[in-house]
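Step one of this worksheet: look at the structure below.
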Amino acid sequence: MKAYFSELFTGAWSLIVGLRVTLKALFSPVVTVQYPRQKIDVTPNYRGHIDLIKDPETGTHRCITCGMCMRDCPSDCIYLEGEKQEGVKGKVLTLYTLDYTKCSHCGACVEVCPTQALDYCDDYEVAGFARKDFHYDLLKRVEERV
Amino acid sequence: MQTLNSYAPEIIRIVIAVAGAAVVVFGNALIMGYMERKLAGHFQRRTGPMEVGYHGILQLIIDGIKLMSKQLVIPAKADKPLFMLAPIISFAPVFLPLLVIPFSDRIQAFDLDVGLLFVLAVASINVLAVLVGGWASNNKYSMFGAFRAVAQNVAYEIPMLISLLAIVFMTNTFSLRGIVEAQNVWFIVLQPVAFLIYLVCMVAETNRAPFDLAEAESELTAGFHTEYSGMSFSLFMMAEYTNMFIVSCIATVFFLGGTSGIPLPYFEYTGIIWFLLKVYFFMFFLVWIRWTYPRTRFDQLMNLCWKYLLPISLVNLLITVVVVKL
Amino acid sequence: MNVDVLEDERQHHFVLNMGPQHPSTHGVLRVLLKMEGEYVLDPQPVLGYVHRCHEKIGECKPARSFMPNTARMDYLGALIYNQGYAMLLERAAGIEVPKRAEYIRVITSELNRIQSHLLWYGAYLLDLGAFTPIMYAFDDREHILDALEDVCGSRLTYCYCRVGGVCKDIDDKFIERARAFIERLRGRFPMYENLINGNVIVQKRMKSVGNYTPELCARYGVTGPLLRATGVAYDLRKAEPYSVYSEFDFEVPTEQTGDAWAAFNVRYREIEQSLRIIEQALDKLPEGEVMADKVPKKLRLPQGDYNCSVEAPRGELSYYLVSDGSDVPYRIKVRTPSYSNLSVVPEVCKGMMIADVVTSMGALDLVIPEIDR
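Chains as they are written, first to last, in our numbering: chain A, 36 to 181; chain B, 540 to 865; chain C, 81 to 453.
Shown next as structure tokens:
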């Protein structure tokens with residue numbers, strides 16, 4: 036009999052305590068942002084898709100077409116081609132494509148590059164309608180970047 | 540012609556009353572829907588709807604348009620006449636109790652002598668609608684939800700009635716106007732136990748959390764209205780909101796003195812402001828409870844009713860009768 | 081949804097399909113419930129909806145390229161899976177990891193464990209029907225994710241550990257954020273206790289649901305918080321200490337009753353213990369390199385079998401690698417804790433009501449992608 040009433044009262048009290056918690060939350064400020072209208076800054080270390088870095092001294096990329104990124108990528112999403120041009124030491128990069136639909140952001144390409152030619156960009160608003168929207172031509176992107 | 544003339548004021552009264560009830564039903568659905576979503580958001584420390592209109596005020600209107608424009612999908616082997624009938628059974632009776640509630644001293648459509656019995660009787664038609672909807676969907680989850688809802692609603696009507704009966708014994712009348720007028724002191728002070736029991740039954744009768752096993756469960760994917768889409772679903776929702784309004788009105792009438800409050804000019808008509816404030820306080824309470832507690836298990840729900848609420852409400856009734864007769 | 085009415089003489093049994101799409105099975109799990117009325121007679125989980133052939137992928141590529149796959153297997157404990165695999169390769173190739181890297185791995189792993197437990201907490205209560213605690217838990221979780229995003233670059237599926245250390249050092253901003261988070265979460269515990277742990281509805285839903293005994297757990301190979309809820313204080317971080325866990329002072333919370341409420345409490349108290357480990361690790365963090373020097377680019381593993389076990393948030397995670405001497409493994413086998421935890425469901429959930437099946441599966445804390453791999 037005593038247990039009946041004590042259970043009833045402790046139960047009811049726990050319910051009231053719970054109500055107080057949500058009431059306090061009702062009068063607290065919201066912790067969300069209205070996304071398209073307010074945006075939070077992304078940390079520069081965010082791993083978006085990779086991009087060739089534009090070297091400030093030479094004004095172009097640093098890739099030497101060694102192909103290590105292509106070999107090391109676990110998902111086989113990098114394809115690059117180079118050719119030998121007269122008068123230039125080593126190969127010249129002619130094509131660098133990234134298939135972003137397969138990339139797993141592991142960072143192997145960025146770390147293995149001997150000239151640190153690659154880095155992540157912090158573009159997180161990527162959305163497209165077709166798979167080919169995500170086949171990036173990184174050589175064209177680095178040439179068009181200011 | 541003579542008889543038609545003598546009936547004319549009555550007909551006008553009926554038309555105005557039904558129109559008023561329709562305004563209350565749809566207006567309440569709009570206000571409650573918005574209030575619930577905004578409050579739910581702020582309880583969870585996020586904003587609710589913000590896009591449509593200033594801070595989302597027009598959200599419910601757009602939702603209504605969306606629901607009306609959706610295709611009414613009827614499952615293949617569903618029982619078609621019953622399937623279409625269930626939302627109608629749910630929605631049509633909600634207009635009736637609104638006709639007997641004393642919104643203020645002059646605003647009441649009909650003052651029945653058995654007002655309380657009328658309201659409770661009509662409110663229990665909702666059970667039939669849930670059962671028919673769950674059965675006709677040809678979906679095991681819906682069936683489950685329907686069975687649970689029937690057991691729950693039928694069980695919780697009993698303590699609800701008995702706790703209200705204690706008040707009826709004190710005032711000697713079933714008429715809602717009579718109960719409002721008999722409250723010099725609000726009955727919440729005189730009958731706190733009946734108030735608490737009624738509060739719990741109120742939540743259970745309208746199938747709101749923590750007793751919402753019939754509808755939005757994460758165990759059985761939306762229960763008895765799983766298969767309904769578009770307008771049928773919105774009819775169920777409007778019926779639910781109006782049921783909430785009706786039980787809150789009964790709570791206000793019985794325990795918080797109806798329209799009593801600080802006198803305002805033209806109080807016979809403006810008393811409705813106090814009434815609505817109290818009703819919406821109860822609705823806020825219903826929303827508050829929904830977003831705080833998890834769901835009880837079905838057998839614990841029935842335990843609560845049969846082992847706790849019913850004995851306590853009977854004891855309360857006994858004590859009230861003894862005290863009144865002495 | 082299948083509607084098979086079994087041909088029983090009384091025609092009372094029916095089969096309900098908690099199908100692959102269901103709000104309460106976390107992930108794509110199908111449970112066939114043979115029911116009578118509200119009671120479940122025979123629950124049978126059906127797996128394989130998320131099978132992505134990770135172990136086969138491990139046989140096709142060099143061993144160190146498997147690292148991103150480890151994070152995809154259990155996305156909530158990704159750093160711990162990374163750490164386990166990196167430890168496996170280091171053990172195989174005989175590479176020693178610098179002290180600072182070990183400390184960083186421990187700090188980020190424990191943050192990951194807290195994040196996983198917070199998500200479990202919120203999602204479990206969402207299954208029970210409470211809609212607000214998940215929002216509060218996710219609010220706390222965001223702080224962890226922001227801190228880890230700054231270091232690891234991703235928010236959920238990290239690829240941070242490398243053979244020989246970690247790929248990027250932590251800076252003062254991360255340390256400050258981690259300390260601020262510890263303060264914040266400790267201040268939030270009373271709120272969680274008031275709202276949930278003390279709530280009579282939650283307690284009634286979870287007490288006496290399921291009876292796990294140490295003998296049952298030994299039969300099915302159940303590990304993790306569920307085993308600790310039966311009274312066996314077996315935590316790999318204390319029983320077979322790996323990395324630098326032996327240098328920290330923390331407890332292994334256990335409960336005796338062996339039901340869903342015990343598992344709930346064990347996981348809740350583990351959050352506090354992880355906070356203690358992070359605090360001690362931040363205090364003792366040594367200076368130094370974060371990557372071992374002379375790690376060969378082409379990591380050839382000597383021929384043989386190698387094994388490594390770590391304590392994932394759900395139990396004991398083991399990697400087993402069979403190498404034939406080249407840099408591509410011959411076979412990788414991953415023993416994931418949720419697979420063994422799920423296998424108790426046919427025995428434990430027999431005769432329960434369907435609401436209790438949901439409660440008990442939530443207490444198991446399943447992550448289906450790691451069951452199916």
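The beta carbon of each residue, even a glycine, is placed where N, CA and C say it ideally should be.
Asked: Straight-line Cα distance separating B/Ser-702 from C/Pro-333; Found: 47 Å
Asked: Beta-carbon neighbours of B/Thr-835, restricted to chain A and to distances below 8 Å; Found: Simply none; closest approach about 11 Å.
Asked: Whole-angstrom distance between B/Phe-630 and B/Val-564, CA atom to CA atom; Found: 10 Å
Asked: Contact under 7 Å by Cβ, C/Leu-127 with C/Ile-262; Found: no
Asked: CB-CB length for B/Ser-611 against B/Ser-771, believed under 8 Å; Found: It is worth fixing the name first, because residue 611 of chain B is Leu in this sequence and not Ser. That pair is a contact at about 6 Å.
Asked: contact_flag[the segment 138 to 153 of chain C, the segment 372 to 386 of chain C] where n(CB pairs < 8 Å) is 3 or more; Found: yes
Asked: Min CB distance B/Tyr-573 to chain C below 7 Å; Found: no
Asked: Check whether C/Ala-151 and C/Thr-237 have beta carbons under 7 Å apart; Found: yes
Asked: CB of C/Val-280 within 7 Å of CB of A/Ser-49, strictly; Found: yes
Asked: Contact the segment 573 to 583 of chain B vs the segment 594 to 601 of chain B: 3+ CB pairs below 8 Å; Found: yes
Asked: Three-state class that DSSP yields for C/Ala-210 in the structure shown; Found: coil
Asked: The segment 278 to 294 of chain C: positions lying closer than 8 Å to chain B by Cβ; Found: Asn-279, Ile-281, Val-282, Lys-284 and Arg-285
Asked: Chain-ordered residues of the segment 562 to 587 of chain B with a beta carbon less than 9 Å from chain A; Found: Leu-578, Gly-580, His-581, Phe-582, Gln-583, Arg-584, Arg-585 and Thr-586
Asked: Inter-stretch contact (C-beta, 8 Å, three-pair minimum) for the segment 159 to 173 of chain C and the segment 392 to 408 of chain C; Found: yes
Asked: DSSP state of C/Pro-123 mapped onto helix, strand, coil; Found: strand
Asked: C-beta atoms of C/Asp-452 and C/His-134 nearer than 7 Å; Found: no
Asked: Which residues DSSP lists as bridging C/Arg-242, in chain order; Found: C/Gly-245
Asked: 6 Å CB neighbourhood of B/Leu-569 in its chain, flanking five on each side removed; Found: Leu-599
Asked: Option in B/Phe-823, B/Ile-789, B/Ile-801 and B/Arg-836 with minimal Cα separation from B/Pro-641; Found: B/Ile-789
Asked: A/Cys-156 versus C/Ala-181: straight-line alpha-carbon distance, rounded; Found: 26 Å
Asked: Residue-level contact to chain F via CB, C/Met-147, 7 Å cutoff; Found: In the structure shown, chain F does not exist; the protein chains are A, B and C.
Asked: Delimiting residues of the beta strand (DSSP E) encompassing C/Ser-326; Found: No beta strand (DSSP E) holds C/Ser-326; DSSP gives it neither H nor E.
Asked: Spatial neighbours of C/Asp-436 in its chain, beta-carbon cut-off 7 Å, leaving aside the 5 residues before and after; Found: Val-289
Asked: C-beta contact flag for B/Ala-560 and B/Leu-637 at 7 Å; Found: yes
Asked: Residue interval of the beta strand (DSSP E) (run including C/Arg-415); Found: 411 to 415
Asked: Residues sharing a beta bridge with C/Phe-454, DSSP; Found: For chain C, the structure presents residues 81 to 453; residue 454 of chain C sits outside this window and is missing.
Asked: Runs of alpha helix (DSSP H) lying entirely within the segment 636 to 677 of chain B, each at least 4 residues, in chain order; Found: 654 to 662 and 664 to 675
Asked: Nearest neighbour of C/Ser-326, chosen from C/Pro-100, C/Tyr-183, C/Thr-188 and C/Leu-109 [CA to CA]; Found: C/Tyr-183
Asked: Exposure label - B/Lys-817; buried when at least 16 CB within 10 Å; Found: buried
Asked: Alpha-carbon to alpha-carbon, B/Tyr-737 and B/Leu-699; Found: The residue asked about is misnamed: residue 699 of chain B is Met in this sequence, not Leu. Looking at the two C-alpha atoms, the distance is approximately 5 Å.
Asked: A/His-84 burial status per 10 Å Cβ neighbour count (16 or more: buried); Found: buried
Asked: Residue nearest to B/Thr-791 in terms of C-alpha spacing, selected from B/Met-777, B/Arg-716, B/Ala-778 and B/Gly-762; Found: B/Arg-716
Asked: Neighbour-count burial assignment, C/Val-231, 16 or more Cβ in a 10 Å radius; Found: buried
Asked: Chain-ordered neighbours of C/Ala-210 on chain B, where CB pairs are closer than 9 Å; Found: Ala-748, Pro-749, Trp-830, Thr-831, Tyr-832, Pro-833 and Arg-834
Asked: Chain B within 7 Å of A/Val-66, Cβ atoms only; Found: yes
Asked: Residue(s) in a DSSP beta bridge with C/Thr-237; Found: DSSP lists no partner for C/Thr-237.
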